[in-house]
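Just below is one structure, and these are the notes that go with it.
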Amino acid sequence: MITWLTIFTAGFLTYATRLFPIITFGKFDIPAQVERALRFVPVSVLTAIFLPELVYINEELRLSLLNPRLLAGLLAIIVAWKTKNVIYTIVIGMVALWTLQFIFNLPMIEIGY
Amino acid sequence: MIGVIPFGMIYGILAIAAGLPPSAAQAMSCIIFAGSSQFVSAQLFGLGVPAIVNIFTIWVINLRHGLYSASIAPYIQKLPTRWKMILTYLLTDEAYAVTILHYQNQDGKQYKHWFYLGAGLTLWTTWQLSTAAGIFLGTTVPASWSLDFTLALIFIALVIPSLKDKASLAAAVTAGFAAVILFSLPLKTGLLAGSLIGIIVGILVEGNS
Chain A
1 MITWLTIFTA GFLTYATRLF PIITFGKFDI PAQVERALRF VPVSVLTAIF LPELVYINEE
61 LRLSLLNPRL LAGLLAIIVA WKTKNVIYTI VIGMVALWTL QFIFNLPMIE IGY
Chain B
114 MIGVIPFGMI YGILAIAAGL PPSAAQAMSC IIFAGSSQFV SAQLFGLGVP AIVNIFTIWV
174 INLRHGLYSA SIAPYIQKLP TRWKMILTYL LTDEAYAVTI LHYQNQDGKQ YKHWFYLGAG
234 LTLWTTWQLS TAAGIFLGTT VPASWSLDFT LALIFIALVI PSLKDKASLA AAVTAGFAAV
294 ILFSLPLKTG LLAGSLIGII VGILVEGNS
């Protein structure tokens with residue numbers, strides 16, 4: 001029940017966010033301050049989501065070069081910067097992660113992944 | 114456009130892995146219809162955070178759609194309200210990207226809203242079908258494939274190319290590090306706090322340059 005309430009409320013808020021500027025067009029101006037702040041919303045929110053995904057494994061901080069997610073993520077950042085291509089970034093990032101997980105899991109390397 | 118298919122499938126797989134029932138996972142694609150926020154929301158459902166935190170997080174992630182709306186508003190202001198209601202529902206990142214270019218092209222063509230409608234409906238259908246495919250695959254994909262990592266990769270692919278000036282770079286870097294430092298804040302609010310700090314730093318850096 002609460003799941004559905006969450007989905008409907010979030011859906012309503014998302015729709016209202018998309019609708020408000022369209023139906024109020026010309027009635028008043030968006031304050032310049034708000035417009036400036038909105039520009040930084042996507043990059044801030046998305047980075048605040050993905051960076052912890054790279055350095056936390058099972059809720060534990062792993063700032064180590066033996067962390068396969070961190071290494072694969074750094075490689076993906078370079079790929080995204082050079083190619084600006086979503087598919088390349090995903091494919092190279094996933095192949096890097098699988099390769100590193102395989103290497104770090106070999107029996108002679110005892111680091112616990 | 115092609116990028117939407119794997120994105121939708123991975124969302125479906127992750128939503129099922131997070132414990133959402135198939136009907137709710139598909140309903141999110143219909144009712145919210147905003148990929149990035151659906152990914153994060155599915156994760157938050159999996160972690161069992163309170164509904165209010167989940168709702169607020171989705172809303173913040175989708176705030177950028179208000180920007181798209183403001184940008185497209187002058188082009189569709191003469192349309193009847195029912196058109197505006199439908200086009201609003203279809204206003205996603207991808208639909209905005211193709212439609213605004215079409216509107217800005219000063220070729221004097223009329224009926225550009227039909228282009229917007231067509232692009233929007235195509236994206237909508239693709240998103241629903243790829244979500245359904247992901248939900249169908251969901252239970253058969255083992256956790257050892259680490260498919261959840263694709264979320265980070267998609268966001269990297271979206272963010273990095275858009276860091277074109279000092280202010281957005283500062284905003285992203287601060288938001289990321291703040292979110293890492295504040296990771297243990299209760300109810301996963303570190304994500305919101307980190308984002309907010311990043312936005313403020315972005316404004317400050319822009320103001321000083």
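Chains as they are written, first to last, in the working numbering: chain A, 1 to 113; chain B, 114 to 322.
Quick reminder that beta carbons are idealized off the backbone N, C-alpha and C, glycines included.
Since the structure is predicted, the reported quantities are computational estimates derived from the model, not experimental observations.
With respect to Gly121/B, Ser259/B sits apart: the two C-beta atoms are not nearer than 8 Å. Burial of Ile92/A is indicated by the presence of at least 16 other C-beta atoms within 10 angstroms of its C-beta. Rounded to whole angstroms, the separation of the alpha carbons of Ile2/A and Ser44/A is 28 Å. Pairwise C-beta distances place the segment 301–309 of chain B in contact with the segment 40–57 of chain A, as three or more of them are shorter than 8 Å. The shortest CA-to-CA distance from Ile23/A to any of Ala128/B, Leu192/B, Pro163/B and Gly132/B is the one to Leu192/B. Contact check for Ala288/B against Gly303/B fails: the beta carbons are separated by 8 Å or more. By a beta-carbon distance limit of 8 Å, Arg62/A contacts Leu70/A. Their separation comes to about 7 Å. Below 8 Å, too few C-beta pairs join the segment 219–236 of chain B and the segment 135–142 of chain B to call them touching: fewer than three. Cβ neighbours of Ala285/B within its own chain (closer than 7 Å, five residues either side excluded): Val272, Leu276 and Gly311. Residue contact check for Ile103/A against chain B: no CB pair falls below 8 Å. In the DSSP assignment, Met94/A falls within the unbroken alpha helix (DSSP H) covering Val86 to Phe104. Cβ-Cβ separation between Gly247/B and Ala130/B: approximately 10 Å, too far for a contact (criterion under 8 Å). Boundaries of the alpha helix (DSSP H) harbouring Ala245/B: Lys225 to Gly251, taken from the DSSP string.
Ranked by Cα distance from Thr17/A, the options Ala232/B, Ile118/B, Phe146/B and Val117/B are led by Phe146/B.
At a cut-off of 8 Å between beta-carbon atoms, Arg18/A makes contact with chain B. Under the Cβ criterion of 8 Å, Phe296/B is counted among the residues facing chain A.
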